[in-house]
Amino acid sequence: MVVSPAPALTNSKHAARESKEALAELKTKLEFALSRLNDQDTQRTGIEEIREFLQTLYPDWFPMVIACIGEAGTNLKPLGRCESVKLLGLLAELHGDAVIPLLQRMLQVVLTRLQDADLHLREACAETVFRLT
Numbered sequence: 001m002v003v004s005p006a007p008a009l010t011n012s013k014h015a016a017r018e019s020k021e022a023l024a025e026l027k028t029k030l031e032f033a034l035s036r037l038n039d040q041d042t043q044r045t046g047i048e049e050i051r052e053f054l055q056t057l058y059p060d061w062f063p064m065v066i067a068c069i070g071e072a073g074t075n076l077k078p079l080g081r082c083e084s085v086k087l088l089g090l091l092a093e094l095h096g097d098a099v100i101p102l103l104q105r106m107l108q109v110v111l112t113r114l115q116d117a118d119l120h121l122r123e124a125c126a127e128t129v130f131r132l133t
């Protein structure tokens, strides 16, 4: 007699795999949208794409978004870094108290950006910290 796995267990494994695949796909889309922040011609489109993405975001995806924004900073021009750090403030405004557990990670990204000599980036960091409070 062959015993098959319980249906609930099979469904949860399938859902977890789909969730991982969905998360990987969303990460790719977010990284592409973040890369659009580098060019003035595509920056507005990138910001709008990311805004729509952030509005529909599930709380368990917040860490991935924060990590992507932090990692993208090294590949962005100063104007793109300014806009990307502002996205952390937008995330906090859109999702309120749901981001509180990740506030330390968000502030770490801001602190990293504060090491940049660009005055506009420092102003964007100050604006972001204000939006986080």
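Residue numbering for the sequence shown follows my numbering, starting at 1 and increasing by one per position.
For every residue, glycine included, the Cβ atom is placed at its ideal position computed from N, Cα and C.
The model shown is predicted, which means the values in this text are computed figures rather than measured ones.
Residue i, buried or exposed, once every other Cβ within 10 Å from all chains shown has been counted against 16
i: A72; result: buried
i: T128; result: buried
i: L119; result: exposed
i: A92; result: buried
i: R44; result: exposed
i: A8; result: Summary for A8: the model assigns pLDDT 42, below 50, so the residue's position carries little reliability; its value from the coordinates is reported in the next sentence. When all chains shown are included, A8 counts as exposed.
Supposed contact pair residue j and residue i - C-beta distance, whole angstroms, cut 8 Å
i: L121; j: R131; result: Wrong, their Cβ atoms sit about 15 Å apart, outside the cutoff.
i: L76; j: L37; result: 6 Å
Minimum C-alpha distance to residue i - residue among the options
i: E123; options: E83, P59, S19, E52; result: E83
i: V99; options: R36, A24, V65, S35; result: V65
i: E52; options: N38, T74, L26; result: L26
i: I50; options: G89, V110, A33, I69; result: A33
i: L88; options: K20, V110, D116; result: V110
i: P78; options: P101, L30, D39; result: D39
i: R90; options: D116, T74, T133; result: The question names Arg, but residue 90 is Leu in the sequence shown. It is T133.
Close Cβ partners of residue i (< 8 Å) along its chain, the five nearest in sequence each way excluded
i: V23; result: This sequence places Leu at residue 23; Val is not what is there. Excluding residues within five positions, the ones whose Cβ falls inside 8 Å are W61, M64.
i: I69; result: L34, S84, V85, L87, L88, V109
Straight-line Cα distance separating residue j from residue i
i: T56; j: D41; result: 25 Å
i: G80; j: E31; result: 13 Å
i: G96; j: E21; result: 27 Å
i: K29; j: L54; result: 12 Å
Close beta carbons around residue i, own chain, < 7 Å, minus the five adjacent residues each side
i: C125; result: V85, V110, R113, L114
Same chain, Cβ closer than 6 Å to residue i, neighbours up to 5 away in sequence not counted
i: P59; result: A98
i: G46; result: A33, R36, L37
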